[in-house]
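Numbering (the numbering used here), first residue to last: 336 to 747.
In structure tokens:
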């Protein structure tokens with residue numbers, strides 16, 4: 336039976352910053368594994384084996400599993416469960432095989448330097464992730480602590496924040512927190528430029544009043560159509576808002592956006608709930624590229640997975656994650672609808688739109704078969720009419736909504 340893996344958090348202050356209990360674990364370990372920088376922070380300990388973390392980590396985790404009778408310590412930066420190796424190990428070998436001993440995290444130290452309470456900030460990790468993922472949190476009055484991959488991170492954060500209307504936001508970069516080489520630099524996002532910092536860096540971003548209020552901000556659905564790049568194939572904002580209300584985004588859930596077009600529905604799904612993800616299916620390569628570009632603009636590129644394929648092929652792809660919700664914005668097909676319903680998880684929601692008589696007839700047909708609700712959406716906008724104003728109706732949309740019963744009701 337493998338021995339327990341002890342994951343010990345270590346800060347930039349090294350050996351002197353470890354608790355007595357953590358020092359004891361390191362001293363009695365047969366093997367200590369960490370990055371070269373972390374291993375260099377430890378004093379020499381006789382015959383103890385020292386190994387660097389394997390790369391790529393996920394493909395070599397077996398080498399971290401302790402052998403029977405041998406004590407293994409894995410070093411991690413600060414809190415091993417804050418974007419650290421502790422999380423990866425627990426997912427790989429199970430919670431019962433890993434014991435975590437945290438030190439002060441860089442996020443905690445950064446907040447202490449700034450005088451920010453834990454409940455007043457949002458913490459976003461950019462380590463090995465797309466930098467744009469912090470953008471949904473850039474709102475008036477926001478305080479963000481951003482964990483960066485390297486010293487290029489602050490400049491990239493400053494550029495993206497300024498483009499999002501937060502050029503006057505105060506950006507403070509802290510590096511080597513808690514160590515002898517601790518330092519910082521603070522200025523506005525607009526003034527940061529291309530300045531690079533040391534690699535061990537955390538960014539604190541304080542947003543005041545925005546230069547302008549971009550249409551990308553906020554969690555509520557129904558953003559203006561021109562907030563998205565599109566070629567005319569987009570679910571219009573008023574109809575989109577009703578679709579999202581019926582899709583009911585939940586944290587961590589998956590949406591299939593079948594025939595994604597501009598990607599607007601799937602992107603707003605991601606913005607409406609933390610960790611929500613979208614599988615965007617679009618057969619046209621140019622439109623698929625627009626979905627990718629729009630997702631990056633809204634800061635959710637890491638949560639929108641774009642597939643260039645037909646909807647009929649996608650709904651039969653066993654490699655796709657099973658959806659909690661499905662949206663079909665047009666181009667309806669009975670086989671695709673039936674396959675999408677079958678793919679839904681128990682309690683899942685499906686919303687389909689029709690604008691042609693043929694598609695509307697199909698929705699009436701599936702409504703008779705599966706139930707759900709049918710709604711006709713008609714929107715009119717006030718527009719100039721000569722010297723006066725008049726109401727101009729948009730094309731009406733028939734919306735079919737279906738909720739799959741929970742598992743308990745399906746089996747009853």
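Backbone N, C-alpha and C define an ideal beta-carbon position, used for all residues, glycine too.
All figures in this text were calculated on a predicted structure; none of them were measured in a lab.
Asked                                                                                                                                                                 : Found
For the ligand COA, I want to know if residue 479 counts as a neighbour, meaning its beta carbon is within less than 7 Å of at least one of the ligand's heavy atoms. : Looking at this structure, you won't find the ligand COA or any other ligand, since it has none at all.
Can you tell which of 715, 731, 666, 353 has its C-alpha closest to the C-alpha of residue 725?                                                                       : 715
Could you name the residues that DSSP lists as bridge partners for residue 412?                                                                                       : 345
Give me the Cα-Cα distance between residue 663 and residue 417, rounded to the nearest whole angstrom.                                                                : 37 Å
Taking 8 Å as the limit between beta carbons, can you name the residues of its chain near residue 466, skipping five residues before and five after?                  : 488, 491, 492, 495
When you compare only the Cα positions, how much space is there between residue 729 and residue 559?                                                                  : 15 Å
What does the alpha-carbon distance come out to for the pair residue 503 and residue 658?                                                                             : 40 Å
Taking C-beta to C-beta, are residue 575 and residue 557 nearer than 8 Å?                                                                                             : yes
How about residue 437 and residue 346: are their beta carbons less than 8 Å apart?                                                                                    : no
Do the stretch 628-636 and the stretch 572-592 meet, that is, are 3 or more Cβ pairs less than 8 Å apart?                                                             : no
Residues in its own chain within less than 8 Å of residue 517 by CB, not counting five upstream and five downstream?                                                  : 347, 509, 510, 511
So what's residue 727 in DSSP terms, helix, strand or just coil?                                                                                                      : strand
Quick check on the burial criterion: 16 or more other C-beta atoms within 10 angstroms. Buried or exposed for residue 442?                                            : buried
Closest by CA to residue 356, which one among 408, 460, 704, 713?                                                                                                     : 408
Got a sec? Which residues, its chain only, sit under 8 Å from residue 543 by beta carbon, not counting five neighbours each side?                                     : 475, 476, 503, 504, 505
From the DSSP output, in three-state form, read off residue 436 for me.                                                                                               : strand
Who are residue 736's beta bridge partners in DSSP?                                                                                                                   : 686, 708
DSSP has residue 585 in a bridge; who is on the other side?                                                                                                           : Its beta-bridge partners do not exist; DSSP assigns none.
Which runs of the alpha helix (DSSP H) spanning at least 4 residues fall entirely within the stretch 470-523, listed in chain order?                                  : 488-498
Note down, in chain order, each residue of its chain lying with its Cβ closer than 8 Å to the Cβ of residue 459, except the 5 sequence neighbours on either side.     : 468, 469, 472, 479, 480, 481, 482
Which residue wins for smallest C-alpha separation from residue 338, given the options 430, 414, 350, 378?                                                            : 430
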